[in-house]
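If you count the sequence shown from 1, you need to add 8 to reach this note's numbering.
Beta carbons: idealized from backbone N, C-alpha and C, even for Gly.
On a predicted model such as this, the values are computed, not experimentally measured, just so you know.
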Amino acid sequence: MFKSIFTKYMTTFMLIIIASFIMLASVISTMMVNYYSDASRDRLTSTAEAVRTLVQKRMDYTGTDTMRDYLTVNSNEVGAYFTVMTRYMDEDVSLFLTDNDGNILAFMGFADPEFGSKKVPADVMTAVGGSGYTGEGDLDGVLTVRRSILGVPVYKNGIQVGAVFACTTSSSLNQLMETTIKTIIMTCLWVLLATLIAVYFITERIVSPIKEMGKAAKSFAAGKFDVRVPVTGHDEISELAVAFNNMASSLADLENMRSTFLSNVSHDLRTPMTTISGFIDALLDGTIPPEKHEYYLRMIGDEVRRLSRLVAALLDVSRIQAGDRKFTMKAFDICEMARVILLSFEQKIDRKKLDVEFETDNENMYVWADRDAIYQILYNICDNAVKFSRDGGKYRIRIIEREKKVFVSVYNEGEGIKAEDVPHVFERFYKGDKSRGLDKTGTGLGLYIAKSIIDAHNEEIWVKSKYGEYCEFVFTLKKASDGQVKKAFAKPAENGAD
């Protein structure tokens with residue numbers, strides 16, 4: 009039903025405003041009715057009391073004993089008094105006097121010529137004789153319209169001889185209420201109009217960037233990542249636009265890295281396969297003499313192992329992305345592992361005449377981690393360090409303890425990594441080989457896998473580099489407790505008796 013944000017906002021604001029004005033009108037109306045009723049009652053009371061006082065005094069003065077006798081003898085006086093009172097009373101106030109039986113003896117403010125022949129109901133007269141009468145109605149047809157009525161008794165020597173009734177219509181209240189309601193309705197309409205205009209501009213300001221984001225999202229779905237959303241202001245929508253643009257940049261970078269990765273992988277798969285195919289064909293057709301078969305078979309073996317490493321890396325990435333990479337935590341000697349890895353690069357180190365340093369705080373330092381996964385990380389980092397070291401440069405492995413952490417550092421002097429490449433070296437598909445010498449055999453997955461493994465261990469890995477001088481990779485591992493070390497090296501209990 010409500011499809012647009014503008015419609016939703018406008019409907020909500022209109023309902024709130026209308027409900028507020030209805031409540032306001034109800035409160036004002038109630039207050040006005042209560043106030044007018046109290047004021048009307050006070051006015052009727054003062055009028056009736058004044059007439060009663062006059063009648064009682066005049067009856068005492070004239071010596072008459074009943075209301076009928078007094079009004080018969082002093083009709084001119086009463087008429088003159090009523091005439092004077094009309095000058096000071098509101099136009100809607102009327103008066104009439106009755107005897108104890110409710111017969112109307114005199115009246116003022118009634119247009120009905122037969123009003124004087126009517127009679128007030130007995131129950132009303134009984135109420136007047138008690139504590140006075142206050143009510144609203146037409147006195148069982150005595151009045152032609154509903155009125156607010158107040159009646160007070162008239163006494164002669166302590167005995168009730170009649171009553172004075174004052175009444176008023178609700179015309180003044182009705183007019184006031186009508187004017188008030190009209191004012192409230194007009195105010196409500198003006199406020200609704202102002203709200204409509206305000207909501208239009210507010211929602212337009214909110215919706216426009218969202219529409220732009222929608223268009224950009226459709227462009228992203230079509231593979232176009234160069235679209236950006238305009239950023240204006242400093243509110244939440246602007247923050248969302250900034251985040252959206254950052255996401256777009258990340259998607260564009262990821263798409264570029266993916267394309268580069270696919271290109272690199274395709275090349276890395278095609279090159280060894282072409283080499284292997286060419287060597288095998290040459291072996292089969294006799295192009296390669298028998299005495300060189302072993303040499304070329306070794307080359308084929310190297311290419312197969314290269315393919316195997318590439319496929320293993322791709323499988324690792326797939327398992328990491330799917331969350332299927334499982335880790336078996338146990339205590340092991342990280343120093344011993346580093347020594348074994350360093351010895352495996354002995355020939356490469358000798359060819360480059362590297363100045364090797366191996367520094368540890370202790371001969372044996374035990375960590376709590378997945379041994380195979382850490383071996384994969386350390387081997388990859390050490391291999392890169394040897395690969396990208398300059399001839400005769402320094403090559404250092406350092407392992408130190410700090411509180412409950414073990415820091416493993418691999419340092420090499422060489423071309424290093426460019427400053428703009430440093431933030432990206434751990435990203436998936438990233439291959440900054442242009443800044444890492446002439447070796448093009450990497451796939452851009454090793455360091456991403458290393459970062460993922462370290463993250464899974466809840467540890468940290470980072471790189472420090474100065475382009476043209478050095479590069480150093482550092483990662484942390486949790487130090488194994490004494491209990492974990494003892495458990496790892498405990499011999500299984502022997503069964504049977506000696």
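Original post:
In the structure shown, what three-state DSSP assignment does E122 receive?
Top reply: E122 falls in the coil class under three-state DSSP.
Original post:
So S28 is in the alpha helix (DSSP H); what residue range does that whole segment cover?
Top reply: I13 to T70 is the extent of the alpha helix (DSSP H) around S28.
**OP:** Report the three-state DSSP secondary structure of E423 (helix, strand or coil).
**Re:** In the structure shown, E423 falls within a coil segment according to DSSP collapsed to helix, strand and coil.
Original post:
Which residues in the same chain as W376 place their Cβ atom closer than 8 Å to its Cβ, once the five residues preceding and following it in sequence are excluded?
Top reply: Only M337, K338, A339, L485, K486, K487, A488, S489 and Q492 meet the Cβ criterion.
**OP:** Put D234 into one of helix, strand or coil per three-state DSSP.
**Re:** Reduced to three states, the DSSP call for D234 is coil.
**OP:** Can you tell me the Cβ-Cβ gap for Y141 and I167, rounded? I've got them flagged as a contact below 8 Å.
**Re:** In fact, because the Cβ distance is near 18 Å, the residues do not count as touching under 8 Å.
Original post:
When DSSP builds the beta bridges, which residues end up paired with R406?
Top reply: R406 pairs with E367 and S417.
**OP:** Mind checking which residues open and close the beta strand (DSSP E) that includes K338?
**Re:** It spans M337 to D341 - the beta strand (DSSP E) in which K338 sits, taken as one unbroken run.
Subject >> Cutoff 8 Å; reference T279; Cβ partners in own chain excluding five residues on either side >> reply: Result list for T279: empty, nothing under 8 Å.
**OP:** Less than 8 Å between the CB atoms is what I'm expecting for R51 and V101, so what's the real figure, rounded?
**Re:** Confirmed, about 7 Å.
**OP:** Starting from the Cα of F415, find the closest Cα among R406, G422, E421 and I328 and give me that residue.
**Re:** Among R406, G422, E421 and I328, the Cα nearest to that of F415 belongs to R406.
Original post:
Taking the Cβ atom as the reference point for each residue, do R154 and G143 lie within a distance shorter than 8 Å?
Top reply: No, the pair does not count as a contact, with Cβ atoms beyond the cut-off.
Original post:
When the distance is taken between beta carbons, is A427 closer than 8 Å to Y475?
Top reply: Yes, these two residues count as a Cβ contact at 8 Å.
**OP:** Let me know if V319 comes out buried or exposed under the rule of 16 or more other beta-carbons within 10 Å of its beta-carbon.
**Re:** Exposed, because fewer than 16 other Cβ atoms sit within 10 Å of the Cβ of V319.
Subject >> Exposed unless 16 or more other CB atoms sit within 10 angstroms - verdict on F252 >> reply: Burial call: buried.
Subject >> Local conformation of E241 per DSSP, three classes >> reply: Per the sequence shown, residue 241 should be read as Gly rather than Glu. DSSP places G241 in coil when its eight states are reduced to three.
Original post:
Which one or two residues does DSSP pair with L485 in a beta bridge?
Top reply: Paired residue(s): V414.
Original post:
Cβ of E530 within 8 Å of Cβ of F396?
Top reply: This structure cannot settle anything about residue 530, because the visible part of the chain is limited to 9 through 506.
Original post:
Does the region 118-138 come close enough to the region 25-32 that 3 or more CB-CB pairs lie under 8 Å?
Top reply: With a cut-off of 8 Å, the region 118-138 and the region 25-32 do not count as touching, because too few Cβ pairs lie within range.
Original post:
Does the distance from the CB of Y255 to the CB of V237 come in under 8 Å?
Top reply: In the sequence on display, residue 255 carries Met and not Tyr. With respect to V237, M255 sits apart: the two C-beta atoms are not nearer than 8 Å.
Original post:
Tell me which same chain residues have a C-beta within less than 6 Å of the C-beta of K18, skipping the five on either side of it?
Top reply: A small fix is needed here, since residue 18 is Met in this sequence, not Lys. Same-chain partners within the cutoff: V207.
Original post:
For A505, which residues from the same chain have a beta carbon less than 7 Å from its beta carbon, with the 5 sequence-adjacent residues on both sides left out?
Top reply: Confidence at A505 is low in this model, with a pLDDT of 41, below 50, so the placement of that residue is unreliable and no value is reported for it.
Original post:
Can you list, in chain order, the residues of its chain whose CB lies under 8 Å from that of K223, leaving out five sequence neighbours each side?
Top reply: So the qualifying residues of the chain are V235.
Subject >> 6 Å CB neighbourhood of V348 in its chain, flanking five on each side removed >> reply: None.
Subject >> Cβ-Cβ distance between F90 and L103 below 8 Å >> reply: L103 is positioned such that its CB atom lies closer than 8 Å to that of F90.
**OP:** Would you grab the beta carbon distance between I214 and I245 for me? Rounded to a whole angstrom, and I think it's under 8 Å.
**Re:** That pair is a contact at about 6 Å.
Original post:
In terms of residue numbering, what span does the beta strand (DSSP E) encompassing D107 cover?
Top reply: D107 -> beta strand (DSSP E) spans V101 to D107.
Subject >> A381, enclosing alpha helix (DSSP H) - first and last residue >> reply: Per DSSP, A381 belongs to the alpha helix (DSSP H) from R379 to K395.
Subject >> Bridge partners - I469, DSSP secondary structure assignment >> reply: DSSP lists F483 as partners of I469.
Subject >> Identity of the residue in S316, E365, P217 and S34 nearest E186 by Cα >> reply: For the residues S316, E365, P217 and S34, the minimum Cα distance to E186 belongs to S34.
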